[in-house]
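Numbering (our numbering), first residue to last: 15 to 426. Heads up: the structure comes next, in structure tokens.
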Amino acid sequence: MSWISKGSGLLLVAAALPLVVRGDDGSKQQAMLAAAGREVFLDTGLSNPPGQGCASCHAPEAAFADPRPVSLGAIPGSVGRRNATSLMYAALIPNMDQEDMLQEDGTQEWVWQGGLFQDGSARTLHEQVQRPFFDHAEVNVGSETELAGKLRKANYADKLKAGLSDEEWADDAKVAQRTYRALVEFLKEPMFRPFDARIDDFLAGDEKALTDQEKRGLDLFKSKGKCADCHFLHATSWPQPLLSDFGYDNLGAPSRGDKDPGLGGHTLADGEIGQFRAPGLRNVALTAPYLHNGSLATLREVIEFYNRRDKEPERWGATDYPETVNRTDLGDLGMTDQEVTDLTALMEAFTDRTLLQMRERGERFPAVAPGTPDSWKMRSYFPDWNHAAPPLPPHPPYRGHILKNQPLSTSR
Ligand code: HEC
Ligand code: HEC
Numbered sequence: 015m016s017w018i019s020k021g022s023g024l025l026l027v028a029a030a031l032p033l034v035v036r037g038d039d040g041s042k043q044q045a046m047l048a049a050a051g052r053e054v055f056l057d058t059g060l061s062n063p064p065g066q067g068c069a070s071c072h073a074p075e076a077a078f079a080d081p082r083p084v085s086l087g088a089i090p091g092s093v094g095r096r097n098a099t100s101l102m103y104a105a106l107i108p109n110m111d112q113e114d115m116l117q118e119d120g121t122q123e124w125v126w127q128g129g130l131f132q133d134g135s136a137r138t139l140h141e142q143v144q145r146p147f148f149d150h151a152e153v154n155v156g157s158e159t160e161l162a163g164k165l166r167k168a169n170y171a172d173k174l175k176a177g178l179s180d181e182e183w184a185d186d187a188k189v190a191q192r193t194y195r196a197l198v199e200f201l202k203e204p205m206f207r208p209f210d211a212r213i214d215d216f217l218a219g220d221e222k223a224l225t226d227q228e229k230r231g232l233d234l235f236k237s238k239g240k241c242a243d244c245h246f247l248h249a250t251s252w253p254q255p256l257l258s259d260f261g262y263d264n265l266g267a268p269s270r271g272d273k274d275p276g277l278g279g280h281t282l283a284d285g286e287i288g289q290f291r292a293p294g295l296r297n298v299a300l301t302a303p304y305l306h307n308g309s310l311a312t313l314r315e316v317i318e319f320y321n322r323r324d325k326e327p328e329r330w331g332a333t334d335y336p337e338t339v340n341r342t343d344l345g346d347l348g349m350t351d352q353e354v355t356d357l358t359a360l361m362e363a364f365t366d367r368t369l370l371q372m373r374e375r376g377e378r379f380p381a382v383a384p385g386t387p388d389s390w391k392m393r394s395y396f397p398d399w400n401h402a403a404p405p406l407p408p409h410p411p412y413r414g415h416i417l418k419n420q421p422l423s424t425s426r
């Protein structure tokens, strides 16, 4: 604590004391809220009509993703249009922001990075967890008043109320905010971030953690496949790698249902139409089907798509926005069948042991991997750690041409 000796030491020490106390409280508060968040997550009584909770579309045995291409909502017959993503490591996804990239010619480009939902339409996790409640194709609650009314009657209401005054508890908006915070704290829990896949052991120096085939797959991941260019194997915002740069791209996914403008649907920049956030590949072997619209059924298909998209257009069919498809980094990688097999095999090494154990033992949630630090210890790494995202910067200048018309899509 070298800073204590700087300047007026006494003042700083005095100021530091309450922080220590706040530290203890912070940790307890966080654990309490997370426990309440867990109840909300499992509650199927909040939806309209009742019967649907977060876990209905985020199935723990599928790494908290949905095995269906698109999810069904609480209202019979209502369907979403995107494949529900895994909630493992979701609380570690950086907030929506801009990143500058230096081009080969020395010019600087600004690109979007991070954000929640595959189109980045929620800036932060706190913003994200509110939406399923009010989405008509999901939980379908009418208002915060309706939500708060149901929460006050829930059998876990005392957990949610803890720390709130009676006056606050009577305030619908405060009860709702409390609930969003509780869900965020729940998603930050150690069970969602075990980092105990075989790839972690290998990257930590255990040569035997991967089979020979997987090692060949890893070489391809870093070379011919170019996968590691976007699915980073190195650590960035978190001490361990999340297997994504959280940048946006249009891979040319086969069309499925209505056109989905992705990032461009809310940034309104024509160059960003059809772009989706690169997902972390952790536990990807458990989260079929794939891509934002669930259009590819297996990992083998995904790799074949990367490898031969442009060679066999008839196989993959039309895509929503051909004009923005990335044609430089993928589509014709020139990998042999054996290489495709090896790369596909590697994806199994991204699966966390705790999830496999949970499935074997038929448990509801994964156990906490030994040694996983609690949320309080990791607080400065979580993107929400200051609980307030600054306003979004203006649109990246390089995109120039902003669409003048209305948002192409107002739904997610
Ligand atoms: C009807 C199905 C459904 C329900 C119920 C549902 N979700 Fe989702 N969830 C989805 C889908 C589909 C997506 C992906 C949507 C997208 O990317 O635009 C998603 C995305 C998310 C994400 C973003 C993950 C990421 O990678 O950006 C989080 C976090 C999340 N849901 C949490 C929750 C919570 C918490 C609840 C309960 C309050 C919930 N969901 C209820 C279907 C559902
Ligand atoms: C230019 C950046 C980029 C490169 C290079 C790249 N990816 Fe991706 N990857 C993405 C984006 C963006 C998505 C999401 C696309 C979508 O949903 O439409 C994605 C999605 C995926 C998915 C689907 C995950 C899911 O949950 O649906 C897998 C699997 C995958 N990539 C593996 C790979 C592999 C293996 C390679 C190397 C052959 C690779 N990626 C190369 C950007 C990239």
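Cβ coordinates follow ideal geometry from the N, Cα and C atoms, glycine included.
With 16 as the cutoff for other CB atoms within 10 Å, does Arg341 come out buried or exposed? exposed
CA-to-CA distance, Leu86 to Gln66, given in whole angstroms: 10 Å
For Ala104, the nearest candidate out of Ser157, Arg314, Ala151 and Arg291 (CA to CA): Arg291
Based on the DSSP output, what are the partners of Glu318 in its beta bridges? According to DSSP, which records beta bridges pairwise, Glu318 is partnered with nothing at all.
What number of angstroms, rounded off, separates the C-alpha of Pro255 from the C-alpha of Ala403? 23 Å
Using a Cβ-Cβ cut-off of 6 Å (strictly less than) and excluding sequence neighbours within five positions of Leu406, which residues of its own chain qualify? none
What three-state label does DSSP hand Gln132 in the structure shown? coil
Give the DSSP-derived three-state secondary structure of Phe147 in the structure shown. helix
Can you list, in chain order, the stretches of the beta strand (DSSP E) that have 3 or more residues and sit fully within the stretch 313-357? none
What's the call for Ser425, buried or exposed, on a 16-neighbour Cβ count within 10 Å? Bear in mind that a pLDDT of 36 at Ser425, under 50, signals an unreliable position, so the number given afterwards is only what the model happens to contain. So Ser425 counts as exposed.
In terms of residue numbering, what span does the beta strand (DSSP E) encompassing Gln127 cover? Gln122 to Gln127
Considering Cα atoms alone, identify which of Cys68, Gln227 and Glu152 is closest to Pro90. Glu152
DSSP has Gln289 in a bridge; who is on the other side? Gly276
Buried or exposed, going by whether 16 or more other CB atoms sit within 10 Å of the CB of Ala162? buried
So what does Gly261 bridge to, in DSSP terms? Gln127
Give, in chain order, every unbroken run of the beta strand (DSSP E) that is at least 3 residues long and sits entirely within the stretch 189-249. none
Hey, out of Gly51, Asp133, Gly219 and Ile317, whose CA is closest to Thr99's CA? Asp133
Taking the C-alpha atoms as reference points, what is the distance between Lys188 and Ala196? 12 Å
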